[in-house]
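Numbering (the UniProt record's numbering), first residue to last: 1 to 555.
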Amino acid sequence: METETQGKENPNVMKVPASPSFLKPKAISLRKKVARVKSNLPLIEVDINKNDNIPFLLKSPKTARNPFRRNEGKRKRDTESMDEDSNSLLWKQVNRSSEDTNAMMRNLPSPVVPSLLDECALSAFSDINCDSINLKIEKTSNKPVTKVLPVDWSLKTKIRFTSSTPFPNKGSFRTFEEVNGTIGFVRCLHSGETEKSDVHSSHGAKVFQHCLVWMHPNLPWLNLFPRNDNRVGNSSSFITPAMREALHSKWSDSFRSLYQLVRLYQCPYFYMCTPTFTVLFRCAGTASIPVLHALISPTTKGFRKALREEGITFTMPLCQNKDSDLSLEETINEDVSTLSPPSSSENEDERLEETVEDEEPESWLESLGVSQEDFINKKKRRKDPAYHIDHKAESLVYVEDLETQALVNFLLNSSFCTSKIGPMAGIPPTLLAPTAFLGGTLQSLQLRHGKVKKSGEELHSMEVNGPLLPNSVHSLCSLFSNTQEDGFSAVLTSHAPTTSFSLVNPQSPMLPCIFAKNNMADCGLPQPFLQEMCCTSDKTPLNTINLENGFYTCN
Numbered sequence: 001m002e003t004e005t006q007g008k009e010n011p012n013v014m015k016v017p018a019s020p021s022f023l024k025p026k027a028i029s030l031r032k033k034v035a036r037v038k039s040n041l042p043l044i045e046v047d048i049n050k051n052d053n054i055p056f057l058l059k060s061p062k063t064a065r066n067p068f069r070r071n072e073g074k075r076k077r078d079t080e081s082m083d084e085d086s087n088s089l090l091w092k093q094v095n096r097s098s099e100d101t102n103a104m105m106r107n108l109p110s111p112v113v114p115s116l117l118d119e120c121a122l123s124a125f126s127d128i129n130c131d132s133i134n135l136k137i138e139k140t141s142n143k144p145v146t147k148v149l150p151v152d153w154s155l156k157t158k159i160r161f162t163s164s165t166p167f168p169n170k171g172s173f174r175t176f177e178e179v180n181g182t183i184g185f186v187r188c189l190h191s192g193e194t195e196k197s198d199v200h201s202s203h204g205a206k207v208f209q210h211c212l213v214w215m216h217p218n219l220p221w222l223n224l225f226p227r228n229d230n231r232v233g234n235s236s237s238f239i240t241p242a243m244r245e246a247l248h249s250k251w252s253d254s255f256r257s258l259y260q261l262v263r264l265y266q267c268p269y270f271y272m273c274t275p276t277f278t279v280l281f282r283c284a285g286t287a288s289i290p291v292l293h294a295l296i297s298p299t300t301k302g303f304r305k306a307l308r309e310e311g312i313t314f315t316m317p318l319c320q321n322k323d324s325d326l327s328l329e330e331t332i333n334e335d336v337s338t339l340s341p342p343s344s345s346e347n348e349d350e351r352l353e354e355t356v357e358d359e360e361p362e363s364w365l366e367s368l369g370v371s372q373e374d375f376i377n378k379k380k381r382r383k384d385p386a387y388h389i390d391h392k393a394e395s396l397v398y399v400e401d402l403e404t405q406a407l408v409n410f411l412l413n414s415s416f417c418t419s420k421i422g423p424m425a426g427i428p429p430t431l432l433a434p435t436a437f438l439g440g441t442l443q444s445l446q447l448r449h450g451k452v453k454k455s456g457e458e459l460h461s462m463e464v465n466g467p468l469l470p471n472s473v474h475s476l477c478s479l480f481s482n483t484q485e486d487g488f489s490a491v492l493t494s495h496a497p498t499t500s501f502s503l504v505n506p507q508s509p510m511l512p513c514i515f516a517k518n519n520m521a522d523c524g525l526p527q528p529f530l531q532e533m534c535c536t537s538d539k540t541p542l543n544t545i546n547l548e549n550g551f552y553t554c555n
């Protein structure tokens, strides 16, 4: 009965689902009809050879090649996928694994119009997505991303934090925050390390604790760090010679106290800031250096010559031409003899008369302590590389082990440490340390809160001014990583003479970090900072810090 009824039906009438005309033009609708004829749908077969209305189907039963697709070579079309219904294809793609979907992406037809979107178009979209992802990964991989913030050994004069969420304290500290912060800093109590540290501790107290530093001397009417006041004046009106001797005596006691603390692992490091250079003393184990050492930057030719005269052995790790100073000293005598050109016998009398006339000025200059070499070698000084590195990062001097004791004696009695003119005349160098020492005074950094606008978004800011030690920067960033849920960004201003401290590599065999950390367990600094301090330096001073999703991006 079914065969009879099928024979009575009109073969030219096809049962095709209704659809908008703009989605199925005439040619595309005919291709859809042919595809449904091949399937098992209850449709009557059409004799293509007898149909004169569709002459383009007489060429080949296969689908015509799309002329607008990319020219990537001939690809075989999966005929079985064209026979499946669009809903079944979508259901299979959802249940299929990621690897199968990537493998079959190129053979997947469109669920709406299979002939409009072929496999080459799908592969083009997939390639574009992969390329965009790869570009994003390459851009982010260029920036160093770390889970723990590295230690920067350069002193900071200012740091500015910005975040979309407010910072723990709002402009001023409460009484209990100042008290708890001061007690935590003096007693070296850190959150999470001891049971007593978490009692009465708050985020505001921790911020105040991380903004304290030990300093000597304490002269409120002078800015002792940084010493950028170069006004020429006479300070003898308020600092007498007796006062200068008293200041130097107290400073010498504090300097010796700090050196002994560093030598016995009770203070990990300290800075000595003079008007012309800065000295960093670090205990053994810091930056994987197994011995006590000191870094001086920047230096001059005269300062290095004074070190040699005192018998202090040092190296210049950042200087490419390490023997530049020695080459100059070896050639001084030769330069003096070769400056005057050879004269003939006719001019000998004139040359003798000139030397006799110049004897008196030479003796007068020598009586004043000025050598003739200072004037003769003035032109040679401009060509020698030993003078070209003065006041630069390459002039850094490295002293280690027993030579540091000789360096301490040299600095105690040297005239390079104090200025002779200006408002800082007679003022001893500034000592900065993270732990207490003899004669040290507790100083607080200056904090200022505000709001800034960045790309139309209002952000909260906190600015810290003053001598920021490496442990202070590290502790503040660690604290804000817990309080600022959306992350933060920081801009740091480095003290120019100390930027080269982060560029020094260990000259001696490296000491394992575990032994150095155990030696400094009682120095009073938090354990995360000690862990990074005992590792090798990152060789780059920090200028900007960004925290996103728990990872630091430093530049």
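Just so it is clear, CB atoms sit at the ideal spot from N, CA and C, and this is done for glycine as well.
Cα-Cα separation between residue i and residue j, rounded to whole angstroms
| i | j | result |
| --- | --- | --- |
| M520 | K454 | 42 Å |
| T162 | F281 | 33 Å |
| T240 | L295 | 33 Å |
| V397 | G456 | 47 Å |
| V151 | I159 | 15 Å |
| G440 | S254 | 7 Å |
| G311 | E400 | 14 Å |
| T278 | F225 | 11 Å |
| Y387 | R308 | 16 Å |
| C513 | H293 | 17 Å |
| L222 | K451 | 31 Å |
| R174 | S164 | 23 Å |
| K301 | T313 | 15 Å |
| residue 561 | S478 | A question about residue 561 goes unanswered here, because the residues of the chain that appear run from 1 up to 555. |
| A393 | F303 | 15 Å |
| E403 | N169 | 46 Å |
| L412 | L447 | 34 Å |
| K305 | T299 | 10 Å |
| N465 | C319 | 32 Å |
| S340 | S249 | In this predicted model, S340 has a pLDDT of only 39, less than 50, meaning its place in the structure is not dependable enough to derive any value. |
| N518 | Q531 | 10 Å |
| Q405 | L264 | 14 Å |
| P423 | L468 | 24 Å |
| P470 | L442 | 17 Å |
| K136 | S252 | Confidence at K136 is low in this model, with a pLDDT of 41, below 50, so its placement is unreliable and the value that follows should be read with caution. Distance between the alpha carbons of K136 and S252 is about 57 Å. |
| T315 | W214 | 30 Å |
| L212 | F238 | 29 Å |
| G171 | C417 | 38 Å |
Whole-number beta carbon distance between residue j and residue i, since they are thought to touch under 8 Å
| i | j | result |
| --- | --- | --- |
| N546 | T553 | 4 Å |
| S415 | S297 | At roughly 19 Å, the Cβ-Cβ gap does not stay under 8 Å, so S415 and S297 are not in contact. |
| S475 | F529 | 7 Å |
| C267 | F437 | 7 Å |
| T435 | C523 | 7 Å |
| L247 | P275 | About 15 Å separates the two Cβ atoms, so there is no contact after all. |
| C273 | P429 | 6 Å |
| S494 | K156 | 6 Å |
Proximal residues to residue i (C-beta, below 8 Å), its chain only, five neighbours per side dropped
| i | result |
| --- | --- |
| F515 | G285 |
| R244 | G426 |
| F167 | F161, V207, H449, H460, M462, F480, T483, Q484 |
| V145 | F551, Y552, T553 |
| L219 | I427 |
| N549 | G487 |
| P317 | L396, Y398, V504, N505, Q507 |
Cut-off 6 Å between Cβ atoms - residues of its own chain near residue i, not counting five sequence neighbours on either side
| i | result |
| --- | --- |
| T544 | V491, N555 |
| Q209 | G181, G184, F185 |
| S472 | H210 |
| T499 | S154, P541 |
| L511 | G285, S288, P290 |
| A205 | E177, N180, G181 |
| S502 | D152, W153, S154, S537, P541 |
| P526 | H190 |
| C188 | G524 |
| V408 | Y259 |
| F410 | E310 |
| H391 | P298 |
Sequence-distant residues of its chain with Cβ nearer than 7 Å to residue i (five each side left out)
| i | result |
| --- | --- |
| F270 | L258, V262, F281, L431, L432, A433 |
| P509 | P290 |
| P497 | F277, T278, S297, P298 |
| I389 | C319, S395 |
Mind listing, in chain order, the continuous beta strand (DSSP E) runs of no fewer than 3 residues lying wholly within the region 233-316?
-> 269-273, 278-282, 293-297, all fully within the region 233-316.
Secondary structure, alpha helix (DSSP H): runs of 4+ residues fully inside the region 504-555 = Complete alpha helix (DSSP H) runs here, min 4: 513-519, 527-533.
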